[in-house]
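Chains as they are written, first to last, in the working numbering: chain U, 121 to 233; chain E, 3 to 118. Note that beta-carbon positions come from the ideal geometry of N, C-alpha and C, so glycine has one too. Scroll down for the structure; my scribbles are underneath it.
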Amino acid sequence: KNQVEQSPQSLIILEGKNCTLQCNYTVSPFSNLRWYKQDTGRGPVSLTIMTFSENTKSNGRYTATLDADTKQSSLHITASQLSDSASYICVVFKTGGSYIPTFGRGTSLIVHP
Amino acid sequence: DTGVSQDPRHKITKRGQNVTFRCDPISEHNRLYWYRQTLGQGPEFLTYFQNEAQLEKSRLLSDRFSAERPKGSFSTLEIQRTEQGDSAMYLCASSLRWGTETYEQYFGPGTRLTVT
Chain U
121 KNQVEQSPQS LIILEGKNCT LQCNYTVSPF SNLRWYKQDT GRGPVSLTIM TFSENTKSNG
181 RYTATLDADT KQSSLHITAS QLSDSASYIC VVFKTGGSYI PTFGRGTSLI VHP
Chain E
3 DTGVSQDPRH KITKRGQNVT FRCDPISEHN RLYWYRQTLG QGPEFLTYFQ NEAQLEKSRL
63 LSDRFSAERP KGSFSTLEIQ RTEQGDSAMY LCASSLRWGT ETYEQYFGPG TRLTVT
């Protein structure tokens, strides 16, 4: 079964601190992996897209890594801000004719002042 | 604002009623996806269109659900005989895809459905 597992389920950090979110997947055959940020009551917003050959991709204070061999990805947030409080969702797309994405349940991040 | 709009933003309906949601994607995008998201969960795929053709449907999309994308522009998602279990956020997303290139998916703000 194609799955995407995220950890931790929730995380509370102080403003200015760094944090790392994890995503493990079993989706196969792999096409690409995406990280989204979703504020409460709003649609997800794309942070990064990584294909098989990409190991690291940055978007401002967000850095995503991908290890396609171990089927693991991480999202590192540097110098967190209050506005980083949101749900972070890992999504994996398959290849081979089916373009149905598999979403993780998300990690809920709360940044306290 | 991502450029993808959804209408209405909120809908409250009684069990057994029919509801229809609309999604207007970014104009040049040929792919359009519908997702359902319940509280505390990630979005679940429902269906997607390439232009006007509905290419895949999830098993979650029961006979009470139907989606259309006439002329490959806006799309509608209709739920007939709503049930309380249909209460969720319904998200629409659009993207541009040509060949094997991977393009970003832009989500709308969602339609929050509450079935009483």
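| Item | Value |
| --- | --- |
| Per-residue contacts from U/S166 into chain E (C-beta, under 7 Å) | E106 and Q107 |
| Three CB pairs or more closer than 8 Å across the segment 16–31 of chain E and the segment 76–89 of chain E | yes |
| Alpha-carbon spacing of E/Q82 relative to E/V117, whole angstroms | 12 Å |
| Selection from E/Y108, E/Q107, E/R71 and E/K59 that minimises the alpha carbon distance to E/N53 | E/R71 |
| Residue interval of the beta strand (DSSP E) (run including U/N257) | Summary: the structure shown does not reach residue 257 of chain U, with chain U confined to residues 121 through 233, and so no result is reported for it. |
| Residue-chain proximity (U/G163, chain E), Cβ-Cβ < 7 Å | yes |
| Straight-line Cα distance separating E/A95 from E/S60 | 16 Å |
| Short CB-CB distance (under 7 Å) between E/Q43 and chain U | yes |
| Three-state secondary structure assigned by DSSP to E/D9 | strand |
| Per-residue DSSP class, three states only, for U/L167 | strand |
| Neighbouring residues, chain U, relative to E/G5 (Cβ below 7 Å) | Per Cβ cutoff of 7 Å: no residues; E/G5 is ~11 Å from chain U at best. |
| Presumed contact (8 Å Cβ cut-off) between U/T168 and U/N179, rounded CB distance | 5 Å |
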